[in-house]
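Protein chains: 2
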Amino acid sequence: MVKQERAARTRETLIRSAAEVFDREGFSASSLSQISSLAGVSNGALHFHFENKAALADAVEAEALDRLRVVTGVGPPVGAGRVQFLVDATQGLAGALRRDVVLRAGFALSGGPVRPVRTGLREHWRSWVEEAVERAEEEGELRPEAAAQDVVTAVVAATVGFEVLGVRDAQWLSAAAVGRFWRLLLPTLVPEDALHGVRVEEARPS
Amino acid sequence: MVKQERAARTRETLIRSAAEVFDREGFSASSLSQISSLAGVSNGALHFHFENKAALADAVEAEALDRLRVVTGVGPPVGAGRVQFLVDATQGLAGALRRDVVLRAGFALSGGPVRPVRTGLREHWRSWVEEAVERAEEEGELRPEAAAQDVVTAVVAATVGFEVLGVRDAQWLSAAAVGRFWRLLLPTLVPEDALHGVRVEEARPS
């Protein structure tokens, strides 16, 4: 039992170390010995858990998907609307990408043409945005002129842009940057009398 | 002279072949022999022009920057406003990314954490957007409520999102997708009476 726990902990440490090295060096420049050395384990221990670098990258992506599900799994805020929920989730994602190297490395791995599509982190995010916008529309929160498909396109494109630009400059993942996008977009999204009810900069506590 | 011309042509062919292989396989999975074979030259000829894969990637990025400068170097349309110019340029960039594998591969190479920043393709694009938005503001085309910084953030984030999402699904680089973004954004950008004067879907001829 104790042995199993230790093995699980070593595996977690390796995944986190791999994420840190991938985040800093990029996948192709990262070496297994950098990862095992950062994790404080032997190369043999690394190979016991992961066959090669691609297997480690798969594990980082899978773990990142679990963490993205935490961000998107929070229910809508009590007493607030669906648009607020959507804004909060984009701020929640930006905040999580800022703080969490596993999520950040997972997105970077899954996004580029470097590796085959596996986990579909961005696909998960897009589906979530689609559903959130549909709900907002159903609840009558959107202006009639705001076509749901336009909103999904703009929100998904912009959030992927923040994520990618944030790899090199964390300012793009700040609450201020994401808030600027929403401040501009909201007036076309919701009727004027609902505008002041939506907070754009505060991320929900996470 | 003839020999120099042939060498220049071979170099160009190698850059284009490298872009195609990087675009399809990703940088780290691409091999020099795939590139020389696609270019129809020997490995020796490849090494005469490029020391290694990184040197080829640098050349692809440099060539992509030249091509981006063509997109951003077109002057504002005669008789149309600065906002139209901005919309046209985003459609021009999306169209160029759709058609031009060198530009697409250059952006992918310069964007990820895989390689060090060199050419700054995205930096060039961001500076261009900043200047275009400033001009639109100076010309009085923007609504007073639309803060220039908000507009730059939204346009840069969304266009980088289109570029990155377009690597795996070219639909994101379609005139329709980019047009959906603008259709949503324009009402907060320009006064109502100017709205119908802006075309969102047609790319300028290029």
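Going down the list, the sequences are from chains A and U.
Residue numbering for the first sequence follows full-length UniProt numbering, beginning at 1 and increasing consecutively.
Residue numbering for the second sequence follows full-length UniProt numbering, beginning at 1 and increasing consecutively.
Ideal Cβ positions, reconstructed from N, Cα and C, are used throughout, including at glycine.
As the structure is a prediction and not an experimental result, all values here were calculated from the model.
Exercise for review: Quick one: using the 10 Å Cβ neighbour count with 16 as the cut-off for buried, is residue 171 (chain U) buried or exposed?
Suggested key: By 1-based counting over the second sequence, the position of residue 171 (chain U) is 171. That one is exposed.
Check your understanding: To the nearest whole angstrom, what separates the beta carbons of residue 134 (chain A) and residue 147 (chain A), a pair I think is in contact under 8 Å?
Key -> In the first sequence, counting from the first residue as 1, residue 134 (chain A) sits at position 134. In the first sequence, counting from the first residue as 1, residue 147 (chain A) sits at position 147. Rounded to whole angstroms, the Cβ separation of residue 134 (chain A) and residue 147 (chain A) is 12 Å, and the two are not in contact under 8 Å.
**Study point:** the stretch 132 to 160 of chain U: positions lying closer than 8 Å to chain A by Cβ
**Key:** 145, 146, 147, 149, 150, 151, 153, 154, 156, 157, 158, 159 and 160
Exercise for review: For residue 20 (chain U), collect the residues of the same chain with a Cβ closer than 6 Å to its Cβ; drop the 5 residues on either side in sequence, then sort them by chain order.
Suggested key: Residue numbering aside, residue 20 (chain U) sits at position 20 when the second sequence is read from its first letter. The answer, listed in chain order, is 101.
Check your understanding: Taking buried to mean at least 16 other C-beta atoms within 10 Å of its own C-beta, is residue 157 (chain A) buried or exposed?
Key -> For this step, residue 157 (chain A) is matched to residue 157 along the first sequence. Buried, because 16 or more other Cβ atoms sit within 10 Å of the Cβ of residue 157 (chain A).
Review point. Is the CB of residue 188 (chain A) under 8 Å away from at least one CB in chain B?
Key: The structure shown contains no chain B; its protein chains are A and U.
Review point. According to DSSP, is residue 147 (chain U) helix, strand or coil?
Key: Stepping through the second sequence from its first residue, residue 147 (chain U) is reached at position 147. Looking at residue 147 (chain U) - three-state DSSP - the assignment turns out to be coil, as it is neither helix nor strand.
Check your understanding: Relative to the C-alpha of residue 199 (chain U), which residue among U:188, U:182, U:192 and U:193 is closest?
Key -> What you label residue 199 (chain U) is simply residue 199 of the second sequence in a count that begins at 1. Closest option to residue 199 (chain U), Cα to Cα, is U:182.
Point to revise | Where residue 181 (chain U) meets chain A, residues with beta-carbon distance less than 9 Å | key: Numbered from 1 along the second sequence, position 181 holds the residue referred to as residue 181 (chain U). What residue 181 (chain U) touches in chain A: 150, 153, 154, 157 and 158.
Check your understanding: Out of curiosity, what's the CA-to-CA distance linking residue 8 (chain U) and residue 53 (chain U)?
Key -> Taking the second sequence and counting its residues from 1, one reaches residue 8 (chain U) at position 8. Taking the second sequence and counting its residues from 1, one reaches residue 53 (chain U) at position 53. Going by the C-alpha atoms only, they are around 18 Å apart.
**Study point:** Which of helix, strand or coil DSSP assigns to residue 43 (chain A)
**Key:** Within the first sequence, residue 43 (chain A) is the residue found at index 43, counting from 1. Helix.
Practice item. Pick out whichever of A:136, A:137, A:141 and A:129 has its Cα sitting closest to the Cα of residue 152 (chain A). Key: The residue you call residue 152 (chain A) lines up with position 152 of the first sequence. Answer by Cα proximity: A:129.
Review point. Roughly how many angstroms separate the alpha carbons of residue 75 (chain U) and residue 154 (chain A), rounded to a whole number?
Key: Along the second sequence, one-based indexing puts residue 75 (chain U) at 75. Along the first sequence, one-based indexing puts residue 154 (chain A) at 154. Near 27 Å, if we compare the C-alpha coordinates of residue 154 (chain A) and residue 75 (chain U).
**Study point:** alpha helix (DSSP H) segment containing residue 171 (chain A), residue limits
**Key:** The residue you call residue 171 (chain A) lines up with position 171 of the first sequence. No alpha helix (DSSP H) contains residue 171 (chain A), which DSSP labels as neither H nor E.
Check your understanding: Using a Cβ cut-off of 8 Å, which residues of the stretch 25 to 42 of chain A contact any Cβ in chain U, in chain order?
Key -> Those would be 25, 26, 27, 28 and 29, in chain order.
**Study point:** Proximal chain U residues relative to residue 2 (chain A), where beta-carbon distance stays under 8 Å
**Key:** Translated into positions along the first sequence, residue 2 (chain A) becomes position 2. Neighbours of residue 2 (chain A) on chain U: none; closest Cβ ~38 Å, over 8 Å.
Check your understanding: So, does the CB of residue 48 (chain A) fall closer than 8 Å to a CB anywhere in chain U?
Key -> To locate residue 48 (chain A), count along the first sequence from 1; it is residue 48. Judged by the 8 Å Cβ criterion, residue 48 (chain A) is not in contact with chain U.
Check your understanding: Between the Cα of residue 45 (chain U) and the Cα atoms of U:58, U:72, U:22 and U:10, which residue gives the shortest distance?
Key -> Taking the second sequence and counting its residues from 1, the one referred to as residue 45 (chain U) is at position 45. Nearest C-alpha to residue 45 (chain U) among U:58, U:72, U:22 and U:10: U:10.
Practice item. Tell me, please, whether the CB atom of residue 56 (chain U) is closer than 8 Å to any CB atom in chain A? Key: Locating residue 56 (chain U) in the second sequence gives position 56, where the first residue counts as 1. Residue 56 (chain U) does not count as touching chain A.
Point to revise | Three-way DSSP call (helix, strand, coil) for residue 58 (chain U) in this model | key: Residue 58 (chain U) sits at position 58 when you count from the first residue of the second sequence. Of the three classes helix, strand and coil, the one that applies to residue 58 (chain U) here is helix, per DSSP.
Review point. Mind pulling the chain A residues with CB within less than 7 Å of residue 162 (chain U)?
Key: Along the second sequence, read from residue 1 onward, the residue named residue 162 (chain U) stands at position 162. Chain A residues near residue 162 (chain U): 157.
Exercise for review: Identify, in the order they occur along the chain, each residue of the same chain with its Cβ nearer than 8 Å to the Cβ of residue 22 (chain A), setting aside the five sequence neighbours on each side.
Suggested key: Reading the first sequence from its first residue, position 22 is the one you call residue 22 (chain A). Cβ neighbours of residue 22 (chain A) beyond the five flanking positions: 30, 57, 60, 105, 108 and 109.
Practice item. Could you tell me whether the Cβ atoms of residue 121 (chain U) and residue 173 (chain U) are closer together than 8 Å? Key: Here residue 121 (chain U) corresponds to residue number 121 of the second sequence, with the count starting at 1. Here residue 173 (chain U) corresponds to residue number 173 of the second sequence, with the count starting at 1. Going by C-beta atoms, residue 121 (chain U) is not nearer than 8 Å to residue 173 (chain U).
**Study point:** chain A within 8 Å of residue 121 (chain U), Cβ atoms only
**Key:** Position 121 of the second sequence, counting from 1, holds the residue named residue 121 (chain U). Taking Cβ atoms only, chain A never reaches closer than 8 Å to residue 121 (chain U), which makes this a no.
Exercise for review: Please name the residues in the stretch 67 to 93 of chain U whose beta-carbon is closer than 8 Å to at least one beta-carbon of chain A, in chain order.
Suggested key: none
**Study point:** residue 165 (chain U) versus residue 132 (chain A): straight-line alpha-carbon distance, rounded
**Key:** Along the second sequence, read from residue 1 onward, the residue named residue 165 (chain U) stands at position 165. Along the first sequence, read from residue 1 onward, the residue named residue 132 (chain A) stands at position 132. Answer to the nearest angstrom: the Cα atoms are 20 Å apart.
Practice item. Please look up how many angstroms separate the CB atoms of residue 213 (chain A) and residue 178 (chain A), rounded, as I've assumed it's under 8 Å. Key: Summary: the structure shown does not reach residue 213 (chain A), with chain A confined to residues 1 through 206, and so no result is reported for it.
**Study point:** Pairwise C-alpha distance: residue 138 (chain A) and residue 37 (chain U)
**Key:** Translated into positions along the second sequence, residue 37 (chain U) becomes position 37. Translated into positions along the first sequence, residue 138 (chain A) becomes position 138. For residue 37 (chain U) and residue 138 (chain A), the distance between alpha carbons rounds to 55 Å.
Review point. In its own chain, which residues sit with a C-beta less than 6 Å from the C-beta of residue 205 (chain U), not counting the 5 before and 5 after it?
Key: Here residue 205 (chain U) corresponds to residue number 205 of the second sequence, with the count starting at 1. Unreliable positioning characterises residue 205 (chain U) in this predicted model, as indicated by a pLDDT of 49, which lies under 50. The coordinate reading is nonetheless provided below. Excluding residues within five positions, none has a Cβ falling inside 6 Å.
Review point. For a contact meaning CB atoms closer than 9 Å, what does residue 177 (chain U) contact in chain A?
Key: Numbered from 1 along the second sequence, position 177 holds the residue referred to as residue 177 (chain U). By Cβ distance, chain A contributes 153 and 157.
**Study point:** Neighbour list for residue 14 (chain A) in chain U, Cβ cutoff strictly below 7 Å
**Key:** The residue you call residue 14 (chain A) lines up with position 14 of the first sequence. The premise fails here: residue 14 (chain A) is roughly 20 Å from chain U at the closest Cβ pair, so nothing lies under 7 Å.
Practice item. Assign residue 17 (chain A) to one of three DSSP states: helix, strand, or coil. Key: The residue you call residue 17 (chain A) lines up with position 17 of the first sequence. For residue 17 (chain A), the secondary structure class from DSSP, reduced to helix, strand or coil, is helix.
Check your understanding: Taking 8 Å as the CB-CB cut-off, is residue 165 (chain U) touching chain A?
Key -> For the purposes of this step, residue 165 (chain U) is identified with residue 165 of the second sequence, where counting begins at 1. With 8 Å as the cut-off, residue 165 (chain U) counts as an interface residue toward chain A.
Point to revise | Proximity to residue 126 (chain U) [Cα-Cα], best of U:141, U:142 and U:150 | key: Along the second sequence, read from residue 1 onward, the residue named residue 126 (chain U) stands at position 126. Nearest of U:141, U:142 and U:150 to residue 126 (chain U), Cα basis: U:150.
Check your understanding: So, helix, strand or coil for residue 9 (chain A), using DSSP?
Key -> Locating residue 9 (chain A) in the first sequence gives position 9, counting from the first residue. Three-state DSSP puts residue 9 (chain A) in a helix.
**Study point:** Member of U:39, U:49, U:24 and U:26 whose CA lies at the smallest distance from the CA of residue 16 (chain U)
**Key:** Within the second sequence, residue 16 (chain U) is the residue found at index 16, counting from 1. Selected option, being the one with the closest Cα: U:39.
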